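Student: First, the structure itself, so that you have it in front of you.
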Amino acid sequence: MLARLARNGAALRNALLDFIFPPRCAVCRRTGPWLCATCAARFENILPPLCQRCGRPLASPHCPYCAKLPIGIDGTRAVAFFDGALRDAIHAFKYSHRLELADHFGTMLHTYLLTFPLPVDTIIAVPLHTERENTRGYNQSALLANALSARHHLPVHPDALTRTRATRSQTELDAVGRRENVRDAFVASPQVRGARILLLDDVCTTGATMDACGAALYAHGAQSVWGLAVAR
Numbered sequence: 047m048l049a050r051l052a053r054n055g056a057a058l059r060n061a062l063l064d065f066i067f068p069p070r071c072a073v074c075r076r077t078g079p080w081l082c083a084t085c086a087a088r089f090e091n092i093l094p095p096l097c098q099r100c101g102r103p104l105a106s107p108h109c110p111y112c113a114k115l116p117i118g119i120d121g122t123r124a125v126a127f128f129d130g131a132l133r134d135a136i137h138a139f140k141y142s143h144r145l146e147l148a149d150h151f152g153t154m155l156h157t158y159l160l161t162f163p164l165p166v167d168t169i170i171a172v173p174l175h176t177e178r179e180n181t182r183g184y185n186q187s188a189l190l191a192n193a194l195s196a197r198h199h200l201p202v203h204p205d206a207l208t209r210t211r212a213t214r215s216q217t218e219l220d221a222v223g224r225r226e227n228v229r230d231a232f233v234a235s236p237q238v239r240g241a242r243i244l245l246l247d248d249v250c251t252t253g254a255t256m257d258a259c260g261a262a263l264y265a266h267g268a269q270s271v272w273g274l275a276v277a278r
């Protein structure tokens, strides 16, 4: 309830600000759409050849990342590199209440799945802890899930996965620390039994958060779990 009220308040505030101050691109700040075509064209897509598990670009047949820290879910994928214009756009979406960007990111995710299909039938967003969601006013991954669902016609299950404890920001930690930080931080509901899940997040770096989510989903009988992020 608190998150919904905060989200509605943010939307009203943005509408008033848009009236007083016309929208500007979240990246270059030019007047116009929230993400202009010039800045969107600067996003660098992640294209094959990829590691079939972690989804990172491969220069050789063997993935050095998976050799060190193999992921625990069926696989992860990301649309584009978390750099430059896309990094700025995601930060605006995530931290500056530019919720309108969810539509553009939803289209990116939809286009990616049309080009590189994954064997999934259900969308679950990586959850925030209640305290953080109430503070921010929204869960950016849930907004992405709804935007993708509207385009790709897959159901979203918003209550299927819960973050049971607050964790440190993953940006402060190395790969091993990230795994320890989110270990056992999630719990799934029985409704995931037999589901082929698309686990959605805004950014995937090491895959630690998706792995921890996947462990909870598998524990309650998920058939498969594929992670997908806007950026890596």
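The sequence shown begins at 47 in the working numbering and counts up one residue at a time. The beta carbon of each residue, even a glycine, is placed where N, CA and C say it ideally should be. Being a predicted model, the structure only gives us computed values, none of them experimental.
Where does A196 sit, in a helix, a strand or coil, going by DSSP?
Tutor: Counting from one through the sequence shown, the residue named residue 196 turns up at place 150. Reduced to three states, the DSSP call for A196 is helix.
Student: Specify the secondary structure class of A83 as computed by DSSP and reduced to three states.
Tutor: Locating residue 83 in the sequence shown gives position 37, where the first residue counts as 1. Correct three-state label for A83: helix.
Student: Just to confirm, is the Cβ distance from S270 to P165 under 8 Å?
Tutor: Walking along the sequence shown from the start, residue 270 turns up at place 224. Walking along the sequence shown from the start, residue 165 turns up at place 119. Their beta carbons are under 8 Å apart, which means S270 touches P165 by this criterion.
Student: Would you list the residues sitting across from P95 in a DSSP beta bridge?
Tutor: Reading the sequence shown from its first residue, position 49 is the one you call residue 95. According to DSSP, P95 bridges with nothing at all.
Student: Between which two residues does the beta strand (DSSP E) holding V249 run?
Tutor: Translated into positions along the sequence shown, residue 249 becomes position 203. Taken as a continuous stretch (DSSP letters only), the beta strand (DSSP E) holding V249 covers 242-249.
Student: For the alpha helix (DSSP H) that contains A265, what are its first and last residues?
Tutor: Stepping through the sequence shown from its first residue, residue 265 is reached at position 219. 254-265 is the span of the alpha helix (DSSP H), which, as asked, contains A265.
Student: Assuming the contact rule is C-beta atoms closer than 8 Å, A212 and R182 should be a hit. Round their C-beta distance to whole Å, please.
Tutor: Reading the sequence shown from its first residue, position 166 is the one you call residue 212. Reading the sequence shown from its first residue, position 136 is the one you call residue 182. Not confirmed; about 13 Å, so no contact.
Student: Would the beta-carbon of A171 fall within 8 Å of that of S187?
Tutor: Here residue 171 is taken as the residue at index 125 of the sequence shown, counted from 1. Here residue 187 is taken as the residue at index 141 of the sequence shown, counted from 1. Yes, the Cβ-Cβ distance between A171 and S187 is below 8 Å.
Student: Looking only at its own chain, which residues have a Cβ that is under 7 Å from the Cβ of A206, when we skip the five neighbours before and after it?
Tutor: Here residue 206 refers to the residue found at position 160 when the sequence shown is read from its first residue. For A206, where only same-chain residues beyond five positions count, the Cβ hits under 7 Å are I170, A234, S235, Q237, V238.
Student: So, helix, strand or coil for T208, using DSSP?
Tutor: Residue mapping note: residue 208 aligns to position 162 of the sequence shown, counting from 1. The answer is strand: DSSP assigns T208 an E or B state.
Student: Look at Q98 and G121 and say whether their C-beta atoms are less than 8 Å apart.
Tutor: Here residue 98 corresponds to residue number 52 of the sequence shown, with the count starting at 1. Here residue 121 corresponds to residue number 75 of the sequence shown, with the count starting at 1. Yes. Within cutoff.
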